[in-house]
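In the numbering used here, the protein residues as written are -3 to 455. All residues carry an ideal CB built from backbone N, CA and C; glycine is no exception.
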Amino acid sequence: MTFSRSKNSVQHQTGYIIKSSWLIPMLDAPLSDKFPESPMWLEEQSVVIRNEEIIDVLASQLAQNKYPELEVIDLEGMAVMPGFINAHTHAAMNLLKGYSDDLSLHVWLETAIWPCEAKFVDDDFVQLGTQLAIAEMLRSGTTCFQDMYFMPDQIAKAVQKCGIRANIGLMVVDSETVWARNADECISKGLAVFDQFKHDEKLSFSFAPHAPYTVSKATLERLNTISFELSMNIHIHLHETIEETSQYLKLNGIRPVEELKEIGLLNPQLNAVHMTELNDQEITWLAESGCHVIHCPQSNMKLASGICPTQKLVDAGVNIAIGSDGSASNNDLDMLAELQSAALLAKVHTGNAEAFPAYQALYSATMGGAKALGLDSNLGSIEIGKQADLIAIDLNQIETTPVYNPVSQIAYAASREQIKHVWVAGKQLLNDRELTSIDSRSLIKKANQWKTKIEGSNK
Ligand SMILES: [Zn+2]
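Next comes the structure, spelled out in structure tokens:
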């Protein structure tokens, strides 16, 4: 028996069936011939969800007979796939998108962003900016994000309020910030936030030393010990620009990646963000150590930081995840646009049209992120027993017709406006483009009040 759903209904039942035209489960990593072992997509398949979990995946014609008691959500013309995992962002910086553009990384940070943050960032800024970012991420199919910003307690509260999933990077820098006076205080306050929120199943935590040029070797050594004891990831900006590596080499006689290797930080718990400037020896170290590279193509392009050699890293066996970076250097949190940029940029960089193909881009934006965050046993693919973090993309539109290959249409033709429904832990947070856990009008009003406050102080 099929129940038709009213346009604005949100399921409150403990179980339901999502019936898709195309199911893209993201089961396997691409093999050397660019295709995975399992089919990239299946047609007319259903996903059965009970409470927070996927309990079955089967042909749609069998699903209703096997589960006659469950509501059927018929998504004809839509592709269903795992939600995107945005593996690196600074969510609260959503309040600074468009504040300063068209500058190189260090000029941008030193003349625009850091002075503005020192003046304005407080609990309310982080709470509101993070909610604004979550709203944008949900409306573009992101179901989990890894953050790095000040006031992690406010980030955790915003995540809980909106119902999304997140890994919160407990930020560490040596100098005084709006969050703490020094690295020791960053660590002690961060650990207190970890203790406060660690029992929330949708929250996980990492330590997030900002970068080797803002965090001393001694602090990194300490974080290596603590993160090992607590089984927490380390999430760090690394080799973002050639200026960073050459300046570090000049000051310390060693390149940052080699310094991290000596400390013991090159390991499967390391999430190395950017990595635009790498030699062959360093790529071998990354592969041997099992650490993960977080590729942020649009931020790297906008700040003219450089290009991460993604295909070389994939060929060496390094897991690649994709991140948007903060909105102030992007200027959006659109994982579809990000994965398309990753696919295109790799081709320009290598002169090889086969580099970083569409399936690899989708894989990096889902399973690649889950692996980097250490959450791949629960997230990243559509498999029985995993969390129901899913998105439905409407391909039955002019822009994506005809569908020879739904993976290609999603990677190269679809836009985020075609993402109609989003579920996190089985709960629908986007229903026909409407957010169910966030008051969009109120959020826009409050964000505009912040813009008036920031703009007013510059006059
Ligand atoms: Zn960043």
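Relative to the alpha-carbon of residue i, which residue among the options has its alpha-carbon at the smallest distance?
{"i": "Gly165", "options": "Val420, Asn82, Ser202, Gly286", "result": "Ser202"}
{"i": "Gln140", "options": "Ala361, Asn267, Val399", "result": "The amino acid at residue 140 is misidentified as Gln; the sequence shows Cys. It is Ala361 whose Cα lies nearest to the Cα of Cys140."}
{"i": "Lys157", "options": "Leu124, Asp24, Pro398", "result": "Leu124"}
{"i": "Tyr12", "options": "Met133, Leu66, His345, Thr210", "result": "Leu66"}
{"i": "Val169", "options": "Tyr209, Thr85, Gln277", "result": "Tyr209"}
{"i": "Asn90", "options": "Val68, Ala131, Asp98", "result": "Ala131"}
{"i": "Ser136", "options": "Gly79, Glu217, Ala368", "result": "Gly79"}
{"i": "Ala366", "options": "Ser17, Ile20, Met77, Ala83", "result": "Ala83"}
{"i": "Ile259", "options": "Ala268, Val269, Asn220, His233", "result": "Asn220"}
{"i": "Gly364", "options": "Glu106, Asn267, Ala154, Trp18", "result": "Asn267"}
{"i": "Lys185", "options": "Pro205, Tyr400, Pro148", "result": "Pro148"}
{"i": "Thr272", "options": "Pro305, Asp385, His288", "result": "Pro305"}
{"i": "Ser433", "options": "Asp24, Leu101, Ala154, Asp119", "result": "Ala154"}
{"i": "Ala283", "options": "Asn315, Val76, Leu71", "result": "Asn315"}
{"i": "Ala324", "options": "Val76, Lys308, Asp98", "result": "Asp98"}
{"i": "Thr138", "options": "Ala129, Leu187, Val174", "result": "Ala129"}
{"i": "Gly73", "options": "Asn392, Gly159, Asp118, His235", "result": "Asn392"}
{"i": "Ala407", "options": "Lys449, His270, Ser337, Gly370", "result": "Ser337"}
{"i": "Lys257", "options": "Ser242, Gly286, Leu199, His417", "result": "Gly286"}
{"i": "Leu199", "options": "Arg161, Leu386, Gln127, His231", "result": "Arg161"}
{"i": "Ala333", "options": "Leu19, Ile14, Met133, Glu33", "result": "Met133"}
{"i": "Ser301", "options": "Lys308, Asp330, Glu236", "result": "Glu236"}
{"i": "Val253", "options": "Val289, Ser227, Asn229, Glu451", "result": "Val289"}
{"i": "Asn461", "options": "Glu451, Leu234, Ile51, Val117", "result": "Outside the displayed range of the chain (-3 to 455) lies residue 461, so it cannot be described from this structure."}
{"i": "Phe31", "options": "Glu350, Lys447, Val76", "result": "Glu350"}
{"i": "Leu431", "options": "Glu181, Glu197, Gln127, Asp143", "result": "Gln127"}
{"i": "Ala477", "options": "Met167, Glu197, Ala207, Asn427", "result": "Residue 477 falls outside the range modelled here, since the chain spans only -3 to 455, and no answer is possible."}
Just mark residue i as buried or exposed, buried being the case when its beta carbon has 16 or more other beta carbons within 10 Å.
{"i": "Ser2", "result": "With a pLDDT of only 38 at Ser2, under the threshold of 50, the placement of this residue in the model should not be trusted; the figure read from the coordinates follows. Burial call: exposed."}
{"i": "Asp321", "result": "buried"}
{"i": "Ile380", "result": "exposed"}
{"i": "Gly94", "result": "exposed"}
{"i": "Lys246", "result": "exposed"}
{"i": "Thr397", "result": "exposed"}
{"i": "Met(-3)", "result": "Interpretation of Met(-3) is limited by its pLDDT of 31, a score under 50 that renders its predicted location unreliable; the figure taken from the coordinates is listed afterwards. By the 10 Å Cβ count, Met(-3) comes out exposed."}
{"i": "Glu264", "result": "Residue identity differs from the one stated: residue 264 is Pro in this sequence, not Glu. Flag for Pro264 reads exposed."}
{"i": "Lys298", "result": "buried"}
{"i": "Gly313", "result": "exposed"}
{"i": "Asn317", "result": "Position check: residue 317 holds Ala in this sequence, whereas Asn was assumed. That one is buried."}
{"i": "Ile440", "result": "exposed"}
{"i": "Gly347", "result": "exposed"}
{"i": "Lys238", "result": "The residue you asked about is not Lys; residue 238 is Ile in the sequence shown. Label assigned to Ile238: exposed."}
{"i": "Gly376", "result": "buried"}
{"i": "Asn4", "result": "Unreliable placement is indicated for Asn4, whose pLDDT of 40 sits below 50; no coordinate value is reported for it."}
{"i": "Arg437", "result": "exposed"}
{"i": "Lys194", "result": "exposed"}
{"i": "Ala354", "result": "buried"}
{"i": "Lys115", "result": "exposed"}
{"i": "Gln445", "result": "exposed"}
{"i": "Arg177", "result": "exposed"}
{"i": "Ile415", "result": "buried"}
{"i": "Gly249", "result": "exposed"}
{"i": "Thr85", "result": "buried"}
{"i": "Ala87", "result": "buried"}
{"i": "Pro26", "result": "buried"}
{"i": "Glu240", "result": "buried"}
{"i": "Ala214", "result": "exposed"}
{"i": "Thr173", "result": "buried"}
{"i": "Val310", "result": "buried"}
{"i": "Gln277", "result": "exposed"}
{"i": "Ala179", "result": "buried"}
{"i": "Lys15", "result": "buried"}
{"i": "Pro21", "result": "buried"}
{"i": "Gly452", "result": "exposed"}
Using a Cβ-based criterion (distance less than 6 Å to any ligand heavy atom), does residue i qualify as near ligand 3?
{"i": "Asp321", "result": "Ligand 3 is not among the ligands present in this structure, which contains only ligand 1."}
Point to revise | Uninterrupted alpha helix (DSSP H) stretches inside the stretch 218 to 277 (no shorter than 4 residues) | key: Those alpha helix (DSSP H) runs which fall completely within the stretch 218 to 277 and span 4+ residues are 238 to 248, 252 to 259.
**Study point:** Three-pair Cβ contact test at 8 Å for the stretch 32 to 44 versus the stretch 56 to 64
**Key:** Touching, yes, given that three or more Cβ pairs across the two stretches are closer than 8 Å.
Exercise for review: Please confirm if the stretch 111 to 120 is in contact with the stretch 416 to 427, defined as three or more CB-CB distances below 8 Å between the two stretches.
Suggested key: no
Point to revise | beta strand (DSSP E) runs wholly inside the stretch 28 to 75, at least 3 long, in chain order | key: 41 to 46, 49 to 55
Point to revise | Runs of beta strand (DSSP E) wholly within the stretch 318 to 396 (minimum 3 residues, chain order) | key: 386 to 390
Practice item. May I ask you to verify whether the stretch 335 to 354 touches the stretch 278 to 297, counting CB pairs closer than 8 Å and requiring at least 3? Key: yes
Review point. Along the chain, which unbroken stretches of the alpha helix (DSSP H) at least 4 residues long are found entirely within the stretch 86 to 147?
Key: 101 to 104, 110 to 116, 119 to 134
Review point. Is the stretch 398 to 413 touching the stretch 18 to 38, taking contact as three or more C-beta pairs under 8 Å?
Key: yes
Point to revise | Ordered list of alpha helix (DSSP H) runs contained in the stretch 154 to 183, each at least 4 residues | key: none
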